[in-house]
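First to last, the protein sequences are chains A and B.
Position one of the first sequence corresponds to residue 24 (the working numbering), numbered consecutively onward.
Position one of the second sequence corresponds to residue 24 (the working numbering), numbered consecutively onward.
I have placed the structure first, in the form of structure tokens, so that the comments after it can refer back to it.
Protein chains: 2
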Amino acid sequence: MTEIALESGALSLPAVVIHGGAGEFGRSSAPAELAILTDGLLAALAAGFEMFVGGGGALEAAVTAVASLESSGIFNAGRGAVATSEGTVETDAAVMDGNSGAAGAICAATWPQSPIRAAQAVMALGGPSNGPILLAGPGADRFCEAADLARRDPASLTGEGVAPVSRTGTVGAIAVDLEGHLAAATSTGGRLGQLPGRVGDSPILGAGTWADDRTVAVSATGEGESFIVAGFAHRVDWAISAGEPLEVAVGTALEVVRARGGNGGAIALTKNGQFCVAFDTYAMARGWRDATGATVRPIRADR
Amino acid sequence: MTEIALESGALSLPAVVIHGGAGEFGRSSAPAELAILTDGLLAALAAGFEMFVGGGGALEAAVTAVASLESSGIFNAGRGAVATSEGTVETDAAVMDGNSGAAGAICAATWPQSPIRAAQAVMALGGPSNGPILLAGPGADRFCEAADLARRDPASLTGEGVAPVSRTGTVGAIAVDLEGHLAAATSTGGRLGQLPGRVGDSPILGAGTWADDRTVAVSATGEGESFIVAGFAHRVDWAISAGEPLEVAVGTALEVVRARGGNGGAIALTKNGQFCVAFDTYAMARGWRDATGATVRPIRADR
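Right under this line is the structure:
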């Protein structure tokens, strides 16, 4: 198994960190394909950071960055979502506000053009104890319709005209605003050829998505089942609360995923701007941006 | 808010601990209604423990106890599941094997007569990294149909002939076998009048359900959204792994749920037979059984 690659650093506030999935893409990719990924990541960083410029907070930045990745069509989320074993498209997404603890998620949804906007709309229904957090299946679809959310073109699968470079490319964004508030957002089309109804870690709070101002914001990607039974994002959260350095917390949690038989990667960010990227695949599309600039890397730095 | 009631003790191996939900039931219940609850709990303890007698392990005991609670029709799970705002019934369930780390879950499912058996069938599809863990909505239903699982009577809601004493009565069971292996199982009909598609903490591993031989088996009940954003079961898990006493771990996790605006209760069990019940509602239907006998309590001991 490939060793874990770790990258970390300090960003000035506000900042946004994104990923476009961990996997084996890039190993034999043409430079043009890597350029498409790079452009998609840069566009998402720009869209997310633009929210700060407009006075928005971490939640708006994370959701907007994910929405950009979804609409690009080059990642496995939103417009680029891969098909199930029956050729249908089912999407999952979650968002969490580290300040209020509010969260929203959808799974096995077919309606929304932007699953992360649908998750945000669920979050808007209420707080932790006042409204639903997770809507699944037809109930999620009807909620989206009633909320007037834009509908996915029912005929659209991964377009023939767009190279889906990142076949395992769940997307995610984490952000910290000037006040030190954190947010996390994750969106996915699931696994290519998955059983209809299968839901991975992305919409599961504490597995693929988590944000708490007191600890960390996390978005994961990879073999979702292993991230679920590893309790991945919660594990990062409690390690930070126990005083572990960010890199150790994320690396150790990824080791637990590996012990559970899976692999993948994650991004994590604290309220003081410390961030970490960890993955044990050949590639992980990722990037970060603050007022001082932007960095984007589609594959392993050591390859 | 009601203070947290804590009960704990030591059971000999093998043992099973169950709950039939936390809530306000029992406050004005007739003795006959409490007798119905008591009988339902005793029957489930008997069914679960019988698995040990037949040579079964913790997983069989936990699933069988929950299946008994589901089929009784007097709890909010399986046959007794409450209706959504549209009069439909959607069920959620999860099971986790503390020995292998394997897990299975369904949510927003309408097909299965026994949601916990459906979750067990999903678990049988594969391990953490080999197959799906969570199936949602129509995909879950079609999986159940293809697996030849018994179908819920589509016309059946909470029967008029059966008093659903426990309106918030998610059910759950945790078990430890002679080898010290743990398992957890939880099943629910959701909230009465909930938005179709709404999924609470029961099928979310790390929120309402968790089992790991190295730490603890947990099944929760209550205001599911708060248990999700509290990361309830994971929080118990890591507290145990950090060396906290079981009562402290469960009580502290429930305090986090309360801080998130919710309430409810949980049962927890370690591989040496230490168990704990915690709840902050008027009542929590609960019971435990080992070779030395059975205890069942439908409401608070101090009322």
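Glycine included, each C-beta is placed from N, C-alpha and C at the ideal position.
Note that the C-beta distance between A/Asp-224 and A/Lys-294 is not below 8 Å.
For A/Ala-126, the neighbours in chain B by C-beta distance under 9 Å run, in chain order, Glu-248, Ile-251 and Val-252. For A/Pro-135, not one C-beta of chain B is nearer than 8 Å to its own C-beta. Look at B/Asp-260 here: in three-state DSSP terms it is helix. Every beta strand (DSSP E) stretch that sits fully inside the stretch 115 to 154 of chain A and reaches 3 residues is listed by chain position as 126 to 132.
Within chain B, the C-beta atoms nearer than 8 Å to that of A/Gly-229 come from Ile-227, Gly-229, Ala-230, Ile-251, Gly-254 and His-257, in chain order. Secondary structure note for A/Ser-249: its alpha helix (DSSP H) is the uninterrupted segment 247 to 252.
CA-to-CA, the gap between B/Phe-166 and A/Ala-317 works out to about 45 Å.
Apart from the 5 residues on each side of it in sequence, B/Ala-282 sits with its Cβ closer than 8 Å to the Cβ of Ala-253 in its chain, given in chain order. Taken in chain order, the complete beta strand (DSSP E) segments of 3 residues or longer contained in the stretch 33 to 87 of chain A are 38 to 46. Each residue's CA atom was taken as its position, placing A/Arg-312 and B/Leu-201 some 54 Å apart.
Ranked by how close their Cα comes to the Cα of A/Ala-196, the residues A/Ala-69, A/Asp-303 and A/Phe-48 have A/Ala-69 in first place.
Here A/Ala-207 is actually not in contact with A/Met-74; their C-beta atoms are around 15 Å apart, not less than 8 Å. Note on the stretch 261 to 326 of chain A: whole beta strand (DSSP E) runs with a minimum of 3 residues are 287 to 292, 297 to 302, 306 to 313 and 316 to 320, in chain order.
The bridge partners DSSP lists for B/Arg-221 are A/Leu-158. Interface annotation for the stretch 261 to 272 of chain B against chain A: Trp-261 and Ala-265, criterion Cβ-Cβ distance under 8 Å. Taking 8 Å as the cut-off, the beta carbon of A/Ser-242 is found no closer than this to the beta carbon of A/Val-280. Here the alpha carbons of B/Leu-157 and A/Cys-299 stand approximately 28 Å from one another. For A/Gly-195, the pairing in a beta bridge is given by DSSP as A/His-42 and A/Thr-209. Collapsing the DSSP output to three states places B/Arg-174 in a strand. What A/Pro-177 touches in chain B, judged by beta-carbon distance under 7 Å, is nothing: the nearest beta carbon there is about 15 Å away.
Cβ contact annotation for A/Ile-251 (same chain, cutoff 7 Å, sequence separation greater than five): Asp-224, Ile-227 and Ala-230, in chain order. A distance below 8 Å between beta-carbons, with the five flanking residues on each side excluded, links B/Glu-109 to the following residues of its chain, in chain order: Pro-219.
Secondary structure of B/Glu-30 (DSSP, three-state): strand. Contact annotation: in the stretch 152 to 173 of chain A, residues whose CB is within less than 9 Å of a CB in chain B are Ser-152, Asn-153, Gly-154, Pro-155, Ile-156, Leu-157, Leu-158, Ala-159, Gly-160, Pro-161, Gly-162, Ala-163, Asp-164, Arg-165 and Phe-166. Distance from the CA of A/Ala-58 to the CA of A/Gly-216, rounded to the nearest whole angstrom, comes to 27 Å.
Fewer than three pairs of CB atoms, one per stretch, sit closer than 8 Å, so the stretch 267 to 279 of chain B makes no contact with the stretch 257 to 271 of chain A. In summary, the residues of the stretch 211 to 222 of chain B whose CB is separated from some CB of chain A by less than 8 Å are Gln-217, Leu-218, Pro-219, Gly-220, Arg-221 and Val-222, in the order they occur in the chain. The Cβ atoms of B/Asp-115 and B/Gly-213 lie closer than 8 Å to each other.
Not one beta carbon of chain A lies nearer than 8 Å to the beta carbon of B/Arg-140. Bounds of the beta strand (DSSP E) holding A/Ala-234 are 232 to 234. With a contact defined as Cβ atoms closer than 8 Å, A/Trp-261 and B/Trp-261 qualify at about 4 Å. A/Gly-43 and A/Ala-240 have their C-alpha atoms some 16 Å from each other.
Residue contact check for A/Ala-131 against chain B: a CB pair falls below 8 Å. Distance from the Cα of A/Arg-221 is smallest, within the candidate group B/Val-259, B/Ala-142 and B/Gly-296, for B/Ala-142. At a cut-off of 8 Å between beta-carbon atoms, B/Arg-283 makes contact with chain A.
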